[in-house]
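**Student:** Each number in the working numbering corresponds to the 1-based position in the sequence shown with 4 added.
Heads up, the beta-carbon is just placed ideally off N, CA and C, and yes, glycines get one too.
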Amino acid sequence: MSSGLPQKLGESEQTPISYLPIDGILKRIQRTKSFVLGVGSIGLCDPMLVRSIAIDLAKRCSVKSGRKALVVTTCSAGESTQPAAIAGDDYHEATWTLPGESKADTKAWTAQLGALPRWKQEFGLIVVELGDSSSPQMLRIGRLCDGIGVQLLHSATSRETIRALTSLQNEKLSILGVWTVGLATRKSAA
5 MSSGLPQKLG ESEQTPISYL PIDGILKRIQ RTKSFVLGVG SIGLCDPMLV RSIAIDLAKR
65 CSVKSGRKAL VVTTCSAGES TQPAAIAGDD YHEATWTLPG ESKADTKAWT AQLGALPRWK
125 QEFGLIVVEL GDSSSPQMLR IGRLCDGIGV QLLHSATSRE TIRALTSLQN EKLSILGVWT
185 VGLATRKSAA
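In C-alpha cells form, the structure reads like this:
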C-alpha cells in the first residue's frame, strides 16, 4: 500500500471475505446520531487481514447508511503507523497508539481518547479495530464502543471461541455479531 490509501478487500493478497453480515449492525447504527463499532478477533491475528475487514465493514455500512465513516486502527508504541488521517469520499482513517508503561504514554493515550467526542460530532460511524479478544485494548476500547463485532479467524478452536465470547459477555460488552474467516480450516475443540 505505497499510496497510503487502503486497498479494496479483493485487491489485497489476503483471504477474500465473501460475506460479512451487516444488516443487524445497520439497524443498530441507524438508531443513533453517531455509532462507535468495535471490531475484534479470536484466533491467530493477521493485522492486515483484520484491518481489511474493518475497512470493508466501514465502507459497506457507510454506503448503506449514508453516513460518513472513520476507521481507527491501533498499534503499539514501537510499531510504524499509517498517516494520522487518510481521507476518501465518505471514508477516513486514523491511528491510535496503544498506551505503554510510562506516564507520558498514558498521557498521550488519554489525549487520543479525547478526540472521540469530537469525531462523534463529525462522523456518523466510527469503526475501531480492537485486535485480539484477549488483548488489553479489547476491553479498554471496547467499553467506549456502542457495540462490537467479532471475527473468528481460521486458527480459533471452538473451545477458545466459547471462552473468549463468554469473557466478553461477562465484561458487559455489547456483541452485535460474530462471523468466521477461513472456516474450512477451523479446528474443533479437543
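Quick check on Thr78: buried or exposed, where buried means 16 or more other Cβ atoms within 10 Å of its Cβ?
**Tutor:** In the sequence shown, counting from the first residue as 1, residue 78 sits at position 74. Buried, since its Cβ has 16 or more Cβ neighbours within 10 Å.
**Student:** How big is the Cα-Cα spacing for Leu41 and Lys111?
**Tutor:** One-based indexing of the sequence shown puts residue 41 at position 37. One-based indexing of the sequence shown puts residue 111 at position 107. Leu41 and Lys111: Cα-Cα distance of roughly 24 Å.
**Student:** Run the CB neighbour count on Leu48, radius 10 Å, all protein chains shown included, and call it buried at 16 or more, exposed below.
**Tutor:** Counting from one through the sequence shown, the residue named residue 48 turns up at place 44. Exposed, since its Cβ has fewer than 16 Cβ neighbours within 10 Å.
**Student:** I'd like to know whether the C-beta atoms of Phe39 and Leu74 end up nearer to each other than 7 Å.
**Tutor:** Position 35 of the sequence shown holds residue 39. Position 70 of the sequence shown holds residue 74. Going by C-beta atoms, Phe39 is not nearer than 7 Å to Leu74.
**Student:** Suppose only complete runs of 4+ residues qualify. What are the alpha helix (DSSP H) ranges in the segment 104–160, listed by chain order?
**Tutor:** Entirely contained in the segment 104–160, the alpha helix (DSSP H) runs reaching 4 residues are, in chain order, 107–117, 119–126 and 140–146.
**Student:** How far does the beta strand (DSSP E) with Thr99 in it extend, from its first residue to its last?
**Tutor:** On the sequence shown, residue 99 is found 95 positions in, with the first residue counted as 1. Segment Tyr95 to Thr101, the beta strand (DSSP E) holding Thr99.
**Student:** Report the residue from Ile152, Val76 and Ser56 whose alpha carbon sits nearest the alpha carbon of Ala98.
**Tutor:** By one-based count along the sequence shown, residue 98 stands at place 94. Out of Ile152, Val76 and Ser56, Val76 has the C-alpha closest to the C-alpha of Ala98.
**Student:** Locate the beta strand (DSSP E) running through Ile46, then write down its first and last residues.
**Tutor:** Within the sequence shown, residue 46 is the residue found at index 42, counting from 1. Segment Phe39 to Ile46, the beta strand (DSSP E) holding Ile46.
**Student:** Between the C-alpha atoms of Ile281 and Lys107, what's the straight-line distance to the nearest angstrom?
**Tutor:** Given a span of 5 to 194 for the chain in the structure shown, any question on residue 281 remains unanswerable.
**Student:** Among all the DSSP beta bridges, which residues are the ones paired with Ala58?
**Tutor:** As a position in the sequence shown, residue 58 is number 54, starting the count at 1. Note: Ala58 sits in no beta bridge, so no partner.
**Student:** Determine, using beta carbons only, whether Arg32 and Gly151 come nearer to each other than 7 Å.
**Tutor:** Working through the sequence shown from its first residue, we reach residue 32 at position 28. Working through the sequence shown from its first residue, we reach residue 151 at position 147. A contact, by the Cβ cut-off of 7 Å.
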